[in-house]
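Protein chains in written order, with this note's numbering: chain H, 16 to 159; chain G, 16 to 159. In this text, a Cβ means the ideal position worked out from N, Cα and C, and glycines have one as well. Take a look at the structure below.
Number of protein chains: 2
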Amino acid sequence: MYTEKKIENLLRQQGYKITPQRRKILAAITSVNEHMTTAEIYDKVCQEDPGIGLVTIYRTLDILTELGLLCEVHVGGNCRSYLMRRPVEHHHHLVCSECGTVVDFTDCDLSGLEDRLTKDTHFEINGHILEFTGRCRNCIVRAK
Amino acid sequence: MYTEKKIENLLRQQGYKITPQRRKILAAITSVNEHMTTAEIYDKVCQEDPGIGLVTIYRTLDILTELGLLCEVHVGGNCRSYLMRRPVEHHHHLVCSECGTVVDFTDCDLSGLEDRLTKDTHFEINGHILEFTGRCRNCIVRAK
DNA sequence: AGCTAAATGAAAACGATTTTCAATTGGCAG
DNA sequence: CTGCCAATTGAAAATCGTTTTCATTTAGCT
Ligand SMILES: [Mn+2]
Ligand SMILES: [Mn+2]
Ligand SMILES: [Zn+2]
Ligand SMILES: [Zn+2]
Chain H
16 MYTEKKIENL
26 LRQQGYKITP
36 QRRKILAAIT
46 SVNEHMTTAE
56 IYDKVCQEDP
66 GIGLVTIYRT
76 LDILTELGLL
86 CEVHVGGNCR
96 SYLMRRPVEH
106 HHHLVCSECG
116 TVVDFTDCDL
126 SGLEDRLTKD
136 THFEINGHIL
146 EFTGRCRNCI
156 VRAK
Chain G
16 MYTEKKIENL
26 LRQQGYKITP
36 QRRKILAAIT
46 SVNEHMTTAE
56 IYDKVCQEDP
66 GIGLVTIYRT
76 LDILTELGLL
86 CEVHVGGNCR
96 SYLMRRPVEH
106 HHHLVCSECG
116 TVVDFTDCDL
126 SGLEDRLTKD
136 THFEINGHIL
146 EFTGRCRNCI
156 VRAK
């Protein structure tokens, strides 16, 4: 699990400066244990620093994504509403299509499939997106 | 495999009118055996009907997606560049991150994983997104 | 303390998509 | 067949999220 300090060091290592804005953005992301959209992150940071520019959020999220510290959720349909969170390890998502709740899971084990595809297509596979969609427990209960 | 006629009937059944524009859009989509972006579909239709409005493309693609006749490719990063194609059966994508080539594949067999998740999370799972990314044969060769 | 490249924020630009609205038209009722 | 009307269309404007530009500020190193 990444702490703010660890991320700061990582940024420094890469030659990025540690600014108050970046600190607040990191604080916002690491303080919430949920996936957030860019807008949600912006709103959260604004509570601490109403003057911050949305551009700065974008720029910082870009850097963090670049460094692999954030992951995205691609939701079907309107895929622009993708969410972000602090990273843990390689994992995937189970998304409730009614309320948007995201549950992480690990152990995807797609190696068999990956091998087959490599053989069949001669692609050099280096990643995958895997997400399940459905209705979460709450939404199932609520619908009754 | 859907023919233009079949799709037209489906539209009629749903109360949609069959217009020359819609016919041309269907022709464009079914004539190409490749994934196409909205813009590419627009360009293709324009060859037949230069007067057609881009709005009409959007509206028609919306309807077709709604009816489940089209599927999307969610590419990581800029996920707005999603592609569309005529449907066949349940399948997934292998996307070359250099040239954008999309290869379809079937037989994902995620049922074991799905069962485990259902048990663990009490979600009612009804779908999944699965995509591999990598470099296609051409791009590997070209890089050498 | 002073320097400089990196970072910031306001504003404008951007590209894709959506909305609005007046004109047109498919398909049914008469 | 004809007429009607809700559905459809296309031009234009609006919207939305994101990116670019640029002048100003600042982190981090002498
Ligand atoms: Mn995640
Ligand atoms: Mn496909
Ligand atoms: Zn839910
Ligand atoms: Zn390629």
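Proximity test, Cβ basis, 9 Å: residue i and chain H
i                         : result
arginine 37 of chain G    : no
isoleucine 157 of chain G : The sequence shown places arginine at residue 157 of chain G, rather than the isoleucine named in the question. Not an interface residue.
glutamate 63 of chain G   : no
glutamate 55 of chain G   : no
valine 118 of chain G     : yes
arginine 152 of chain G   : yes
Contact set between residue i and chain H, taken where Cβ atoms lie within less than 8 Å
i                        : result
isoleucine 22 of chain G : Per Cβ cutoff of 8 Å: no residues; isoleucine 22 of chain G is ~21 Å from chain H at best.
cysteine 123 of chain G  : Leu128
leucine 109 of chain G   : Leu132, Thr136, Phe138, Ile140
threonine 75 of chain G  : The premise fails here: threonine 75 of chain G is roughly 17 Å from chain H at the closest Cβ pair, so nothing lies under 8 Å.
threonine 148 of chain G : Ile140, Asn141, Gly142, His143, Ile144
is_contact[residue i, chain G] using C-beta, thresh 9 Å
i                        : result
isoleucine 72 of chain H : no
cysteine 114 of chain H  : no
histidine 106 of chain H : no
leucine 145 of chain H   : yes
Under 9 Å between C-beta atoms of residue i and residue j
i                        : j                        : result
leucine 145 of chain H   : leucine 125 of chain G   : yes
histidine 143 of chain G : threonine 121 of chain G : no
glutamine 36 of chain G  : threonine 75 of chain G  : yes
threonine 53 of chain H  : tyrosine 73 of chain H   : yes
valine 39 of chain H     : isoleucine 67 of chain H : Checking the sequence, you will find lysine at residue 39 of chain H rather than valine. Yes, Cβ-Cβ distance for lysine 39 of chain H and isoleucine 67 of chain H is below 9 Å.
valine 47 of chain H     : valine 88 of chain H     : no
leucine 84 of chain G    : tyrosine 31 of chain G   : no
cysteine 123 of chain G  : leucine 128 of chain H   : yes
Decide if the segment 21-39 of chain G is in contact with the segment 143-159 of chain H; the criterion is three or more beta carbon pairs, one per stretch, under 8 Å apart.
-> Touching, no, given that fewer than three Cβ pairs across the two stretches are closer than 8 Å.
Stretch-stretch touch, CB-based, cutoff 8 Å, three pairs: the segment 117-137 of chain H with the segment 135-154 of chain G = A contact exists between the segment 117-137 of chain H and the segment 135-154 of chain G.
Any chance the segment 28-44 of chain G sits against the segment 55-69 of chain G, with 3 or more Cβ pairs inside 8 Å?
-> By the Cβ test, the segment 28-44 of chain G is in contact with the segment 55-69 of chain G, since at least three Cβ pairs between them sit closer than 8 Å.
State whether the segment 141-150 of chain H contacts the segment 105-113 of chain H, with contact taken as three or more CB pairs (one from each stretch) at a distance under 8 Å.
-> In the pairwise beta carbon analysis, the segment 141-150 of chain H is classified as touching the segment 105-113 of chain H: at least three pairs are separated by under 8 Å.
Which whole runs of the alpha helix (DSSP H) in the segment 67-91 of chain G are 4 residues long or more, in chain order?
-> As summarised for the segment 67-91 of chain G, the continuous alpha helix (DSSP H) elements at least 4 residues long and confined to that stretch are 69-81, given in chain order.
Scan the segment 111-148 of chain H and note each continuous alpha helix (DSSP H) run of 4 residues or more that stays entirely inside, going in chain order.
-> With a minimum length of 4 residues, the continuous alpha helix (DSSP H) runs that stay inside the segment 111-148 of chain H are 126-136.
Whole alpha helix (DSSP H) elements within the segment 24-57 of chain H, 4-residue minimum | Here the runs fully enclosed are 35-46.
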